[in-house]
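These protein sequences, in sequence, are chains C and R. Residue 63 in our numbering sits at position 63 of the first sequence, with consecutive numbering throughout. Residue 137 in our numbering sits at position 37 of the second sequence, with consecutive numbering throughout. Ideal Cβ positions, reconstructed from N, Cα and C, are used throughout, including at glycine.
2 protein chains.
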Amino acid sequence: MKNTIKVERAKQNITQAELAEKAKVSRQTINAIELGKFIPSTLLALKIARIFGATVEQLFELEPGDE
Amino acid sequence: MKNTIKVERAKQNITQAELAEKAKVSRQTINAIELGKFIPSTLLALKIARIFGATVEQLFELEPGDE
DNA sequence: TATAAAAGTAAAGTATACTTTACAAAAAGA
DNA sequence: TCTTTTTGTAAAGTATACTTTACTTTTATA
Chain C
1 MKNTIKVERA
11 KQNITQAELA
21 EKAKVSRQTI
31 NAIELGKFIP
41 STLLALKIAR
51 IFGATVEQLF
61 ELEPGDE
Chain R
101 MKNTIKVERA
111 KQNITQAELA
121 EKAKVSRQTI
131 NAIELGKFIP
141 STLLALKIAR
151 IFGATVEQLF
161 ELEPGDE
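Pasting the structure below:
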């Protein structure tokens, strides 16, 4: 699974720390998600999508290997 | 967070076991998600949404308490 | 009403999401 | 270049998603 959170942050010009604060998670959680170190819960994905005014599908995409 | 998986299953007339098989998780996992016992990962939510031809937002909805 | 299929539940175990603290590396700005 | 901000990383701990096995309850159907 890949995601475009880093790009969305760039568009809206906010830092990992700011996004973390808005989503009410730690900065390291945002960092790890951006780097693909782990996959967020649907709750967090929905929150992040809402913060960006995007859909979960726009932010997170299944890859072939995810079958 | 609430979800409409049970309704979608009814629309498409498939059992928890069948959905579990398609999503490659255990039947108990589907059951627990339907009953709100836990929130799936974004990976699983995307898979389920794709199986139903729906979006994650159509299946999973944030509630006021989820802040 | 008897039988089968589907759904609910429970417990014990494993995997992973997420937190906290702390520090290092990189990027940005003065 | 010096300083600050931002990002990356790591380790230890906690919470929770998910599995497996197995049994009970409910719902559908013959």
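(message) My output table needs one value for residue 103 (chain R): the three-state DSSP class, helix, strand or coil.
(response) strand
(request) Please classify residue 138 (chain R): does DSSP put it in a helix, a strand, or coil? (result) coil
(message) Between residue 125 (chain R) and chain C, is the shortest Cβ-Cβ distance under 8 Å, so that the two count as touching?
(response) no
(request) Give the single residue among R:167, R:126, R:121, R:111 whose Cα lies nearest to the Cα of residue 50 (chain C). (result) R:167
(message) Tell me which residues of the stretch 133 to 145 of chain R have at least one Cβ-Cβ distance to chain C shorter than 7 Å, keeping chain order.
(response) 139, 140, 141, 142, 143, 145
(request) Could you check if residue 45 (chain C) is buried or exposed, using at least 16 other CB atoms within 10 Å of its CB as the buried criterion? (result) buried
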